[in-house]
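Asker: Residue numbers (this note's numbering): 51 to 158.
The beta carbon of each residue, even a glycine, is placed where N, CA and C say it ideally should be.
Got a structure here, written out as structure tokens. Questions coming.
Next up, the structure:
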């Protein structure tokens with residue numbers, strides 16, 4: 051499980067291994083603030099400000115992760131706060147400040 055603090059960028063490690071240049075290892079190097087954590091299935095990076103998380107979303111989009119700026123959504127990752135997800139993704143179960151990987155939805 052991933053516990054929440056302020057803004058949390060959440061992505062399946064499987065997605066990083068499939069789509070991110072250099073896979074998980076290089077994703078961790080691109081994290082600007084030493085807040086990377088994972089639970090073996092989900093990776094999380096925490097941010098204190100909206101500007102910081104938006105800058106990181108722009109960075110990972112440039113690296114090839116899906117992000118549709120006009121619709122403000124992604125199938126590859128989401129951003130969560132204690133109030134909920136910015137956009138819903140099928141691969142994430144969310145319950146009041148805690149989320150977990152939904153393996154069934156990601157394997158379809």
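What's the gap between the Cα of residue 74 and the Cα of residue 56?
Answerer: Looking at the two C-alpha atoms, the distance is approximately 23 Å.
Asker: Cβ of residue 109 within 8 Å of Cβ of residue 127?
Answerer: For residue 109 and residue 127, no; Cβs fall outside 8 Å.
Asker: Specify, as a first and last residue, the run of the alpha helix (DSSP H) that residue 110 falls within.
Answerer: Here the alpha helix (DSSP H) through residue 110 covers 100 to 112.
Asker: Can you tell me whether DSSP reads residue 127 as helix, strand or coil?
Answerer: Residue state, collapsed to three classes: coil.
Asker: Can you tell me whether residue 86 is helix, strand or coil according to DSSP?
Answerer: Of the three classes helix, strand and coil, the one that applies to residue 86 here is coil, per DSSP.
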